[in-house]
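S.K.: Residue numbers (full-length UniProt numbering): 1 to 365.
1. Whole angstroms are fine: how far does the CA of residue 103 sit from the CA of residue 332?
2. Taking the beta strand (DSSP E) that residue 262 belongs to, which residues open and close that run?
3. Can you grab the Cα-Cα spacing for the pair residue 174 / residue 200, in whole Å?
4. Measuring straight from C-alpha to C-alpha, what distance separates residue 337 and residue 211?
5. State yes or no: is the C-beta of residue 186 within less than 9 angstroms of the C-beta of residue 159?
6. Just mark residue 49 as buried or exposed, buried being the case when its beta carbon has 16 or more other beta carbons within 10 Å.
7. From the DSSP output, read off the bridge partner residues of residue 115.
8. For residue 206, which residues of its own chain have a beta-carbon under 6 angstroms away from its beta-carbon, when the five flanking residues on both sides are left out?
9. Apart from the five residues just before and just after residue 351, which ones in its own chain have a Cβ nearer than 6 angstroms to its Cβ?
10. Relative to the C-alpha of residue 325, which residue among 295, 277, 166, 346 is closest?
11. Below 8 angstroms CB to CB, which residues in the same chain sit around residue 256 once its five sequence neighbours on both sides are set aside?
12. For residue 170, which of helix, strand or coil comes out of DSSP?
13. Is the distance from the Cβ of residue 136 to the Cβ of residue 161 below 9 angstroms?
14. To the nearest angstrom, how far is the alpha carbon of residue 316 from that of residue 342?
15. Quick one: grab the DSSP three-state call for residue 342.
16. Answer yes or no: do residue 344 and residue 305 have a C-beta to C-beta separation smaller than 9 angstroms?
17. Return helix, strand or coil for residue 51, following the three-state DSSP convention.
18. Return the residue from the list 283, 93, 190 that minimises the CA-CA distance to residue 168.
19. Indicate whether residue 80 and residue 114 have their beta-carbon atoms separated by less than 9 angstroms.
20. On the DSSP bridge list, what partners appear for residue 204?
21. Give the C-beta separation of residue 279 and residue 356 to the nearest angstrom, bearing in mind that I take them to be a contact with Cβ-Cβ under 8 angstroms.
22. From residue 52 to residue 94, what distance separates their C-alpha atoms?
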């Protein structure tokens, strides 16, 4: 019986770190890892602990074997996690893996989860896969391979990009436009436009889209962003919304539920607050609400808004029915913002407030 014949359900997870035996056996029972990988990890002689370079080479050789020599019906789910590659073109090796996995002549890839420490130089096949349904890329580098022709991911429903950046907003626009069935878009610590980018704007408009999460995404350059997709149920913005110019950042937002969440640090506030218009940017986002009936807002967001309370202009069609204030601080400024929101919400049916009583009462102006 060969190694490849031991793969279960065409699913394979490859992790460079050596997991505990009981965790691995449980993974095997759930078909997340092949039985061949069980023997690979538990045989200490296979990966000499004193020679990390040899260990990495052994790992890479195993992935080569699985990706290029698989003789079964093809892998449907692949996860590559926490890997480290040799300096001799290891990142190009990863690109070759992704191109091969995305090729229908060899695999039937539906789900791909890649958390690697190497840049993906180009992977045209990956961004033109006609089988991918779920894609997560954590590549710690620029998102490449998007500049040669249009993206074509006709079946993709879930897309998560982490720790990456786009060379231009045009490339990001090309990506979202190339996913007509996309239901969930999650961007984490991702720069969607460079500072020098002067494009007319970015529009997220797919009718299939249901959930959008922008987590720690501070890079918009000078480009305005609109979320005009008509069926978005939930939009989550977390992290400091840093935009240097008035017309940049999120300008229009269509969604039923919006969460404005920020878990800042006091030391960062002292460093950045004097020259970053965080509260003003947040007020601009709120002025661009369309169809929002539920709003969740965190204590740090309210604190920044309390500094510009006289500049808050809510939209005429402000129809909030549910307001959630999460982690309100015990100070008069935050109470004033909450009262302002209440007075501006004639359709309000439900109000939820949690207090963060352990927080300092206020920050210096």
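We put the beta carbon where it would ideally sit given N, CA and C, even for glycine.
M.R.: In terms of the structure at hand:
1. Working through the chain shown from its first residue, we reach residue 332 at position 332. Working through the chain shown from its first residue, we reach residue 103 at position 103. C-alpha of residue 332 to C-alpha of residue 103: approximately 60 angstroms in a straight line.
2. Residue numbering aside, residue 262 sits at position 262 when the chain shown is read from its first letter. No beta strand (DSSP E) holds residue 262; DSSP gives it neither H nor E.
3. Along the chain shown, one-based indexing puts residue 174 at 174. Along the chain shown, one-based indexing puts residue 200 at 200. Going from the Cα of residue 174 to the Cα of residue 200 covers about 14 angstroms.
4. Stepping through the chain shown from its first residue, residue 337 is reached at position 337. Stepping through the chain shown from its first residue, residue 211 is reached at position 211. Distance between the alpha carbons of residue 337 and residue 211: 27 angstroms.
5. Locating residue 186 in the chain shown gives position 186, where the first residue counts as 1. Locating residue 159 in the chain shown gives position 159, where the first residue counts as 1. In this structure, residue 159 lies closer than 9 angstroms to residue 186 by Cβ.
6. For the purposes of this step, residue 49 is identified with residue 49 of the chain shown, where counting begins at 1. The pLDDT assigned to residue 49 is 45, lower than 50, so where the model puts this residue is not dependable, and the model offers no usable value.
7. Here the question's residue 115 lines up with position 115 in the chain shown. Answer by DSSP bridge pairing, in chain order: 81, 138.
8. Counting from 1 along the chain shown, the entry for residue 206 is found at position 206. Closer than 6 angstroms at Cβ, skipping near neighbours: 182, 229.
9. Locating residue 351 in the chain shown gives position 351, where the first residue counts as 1. Sequence-distant Cβ neighbours of residue 351 in its own chain, meaning closer than 6 angstroms and more than five residues away, are 323.
10. Position 325 of the chain shown, counting from 1, holds the residue named residue 325. With distances taken between Cα atoms, residue 325 lies closest to 295.
11. For the purposes of this step, residue 256 is taken as the residue at position 256 of the chain shown. Non-local C-beta neighbours of residue 256 in its own chain, meaning closer than 8 angstroms and more than five positions away in sequence, comprise 232, 233, 234, 291, 292, 293, 294, ordered along the chain.
12. Numbered from 1 along the chain shown, position 170 holds the residue referred to as residue 170. Looking at residue 170 - three-state DSSP - the assignment turns out to be helix.
13. For the purposes of this step, residue 136 is identified with residue 136 of the chain shown, where counting begins at 1. For the purposes of this step, residue 161 is identified with residue 161 of the chain shown, where counting begins at 1. Cβ distance < 9 angstroms, so residue 136 and residue 161 count as in contact.
14. For this step, residue 316 is matched to residue 316 along the chain shown. For this step, residue 342 is matched to residue 342 along the chain shown. Just so you know, the alpha carbons of residue 316 and residue 342 end up roughly 15 angstroms apart.
15. For the purposes of this step, residue 342 is identified with residue 342 of the chain shown, where counting begins at 1. In the structure shown, the three-state DSSP call for residue 342 is helix.
16. On the chain shown, position 344 is the one that residue 344 refers to. On the chain shown, position 305 is the one that residue 305 refers to. Note that the C-beta distance between residue 344 and residue 305 is not below 9 angstroms.
17. Position 51 of the chain shown holds residue 51. With a pLDDT of only 45 at residue 51, under 50, the local geometry of the prediction cannot be trusted, and the value read off the model is given with reservation. Three-state result, residue 51: coil.
18. The sequence position of residue 168 within the chain shown is 168, counting from 1. Of the candidates 283, 93, 190, the one whose C-alpha sits nearest the C-alpha of residue 168 is 190.
19. As a working mapping, residue 80 is identified with position 80 in the chain shown. As a working mapping, residue 114 is identified with position 114 in the chain shown. Going by C-beta atoms, residue 80 is nearer than 9 angstroms to residue 114.
20. Along the chain shown, read from residue 1 onward, the residue named residue 204 stands at position 204. Answer by DSSP bridge pairing, in chain order: 227.
21. For the purposes of this step, residue 279 is identified with residue 279 of the chain shown, where counting begins at 1. For the purposes of this step, residue 356 is identified with residue 356 of the chain shown, where counting begins at 1. Taking a contact as a CB-CB distance under 8 angstroms, the pair residue 279 and residue 356 does not count as one, their CB atoms being some 18 angstroms apart.
22. Position 52 of the chain shown, counting from 1, holds the residue named residue 52. Position 94 of the chain shown, counting from 1, holds the residue named residue 94. In this predicted model, residue 52 has a pLDDT of only 48, less than 50, meaning its place in the structure is not dependable enough to derive any value.
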